[in-house]
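The structure appears right after this line, and notes come after that.
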Amino acid sequence: MGNRLTKLYTKTGDDGTTGLGDGSRTAKDSVRIEAVGTIDELNSWIGLLITDLPVDEPLVESLTEIQHRLFDLGGELAVPGFQLIKKEMVSDLEVLCDQLNGALPPLKEFILPGGSKSAGLCHMARAIARRAERIIVTLGKEEAVADDLR
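Residue numbering for the sequence shown follows my numbering, beginning at 331 and increasing consecutively.
Take a look at the structure:
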């Protein structure tokens, strides 16, 4: 296990900046920090979804692995120029998506979010993932980000 945070605050961000993993500082409302925060939010929603699923649900293992990859992604975004996400990780996720999609009937129309608590949590995670994608694309227009993140 990595380093544990021992405090919830550092008193170094009272000027509206926050520290990045490379020691530099950036505005708390920068696109990079928005991206990191949105990935954290997505990870939290997936965690909430997991708590709503039966312990023996096969999807729990995949969702937990996705959470670990989201931690990696947040770490990569928090350190400008650092690359942690590999093309194979993206490919593995695409294979999982294809497998899960293959088990579903073909979509003929948009689906109204809801249906059950778990389905609603999935829709929240989906919508936040799409927002994260948009923010990372915006970040890529302002700063260098790895091609695998676009």
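Glycine included, C-beta positions come from ideal geometry on N, C-alpha and C.
query: Arg362 burial status per 10 Å Cβ neighbour count (16 or more: buried); result: buried
query: DSSP beta-bridge partners of Ala357; result: Thr347
query: Ser446, DSSP secondary structure in three states; result: coil
query: Residue from Phe401, Gly450 and Ile466 with nearest C-alpha to Leu378; result: Gly450
query: Whole-angstrom C-beta distance between Ser448 and Leu383, which should lie under 8 Å; result: 6 Å
query: Best match in Val390, Ile441, Gly444 and Gly405 for proximity to Leu350 [C-alpha to C-alpha]; result: Gly405
query: Trp472 to Glu371 span [Cα, whole Å]; result: The sequence shown places Glu at residue 472, not Trp. Glu472 and Glu371: Cα-Cα distance of roughly 22 Å.
query: Distance, Thr356 Cα to Glu418 Cα; result: 30 Å
query: Three-state secondary structure (DSSP) of Ile415; result: coil
query: Distance CB(Thr394)-CB(Ile415) smaller than 9 Å; result: no
query: Closest Cα partner of Leu400 within the set Ala459, Glu364 and Leu442; result: Ala459
query: Three-state class that DSSP yields for Leu479 in the structure shown; result: helix
query: Span of the alpha helix (DSSP H), counted from its first residue to its last, around Thr340; result: Careful: Thr340 lies outside any alpha helix (DSSP H) and carries neither H nor E.
query: Distance between Arg456 and Gln397 (C-alpha atoms, nearest Å); result: 14 Å
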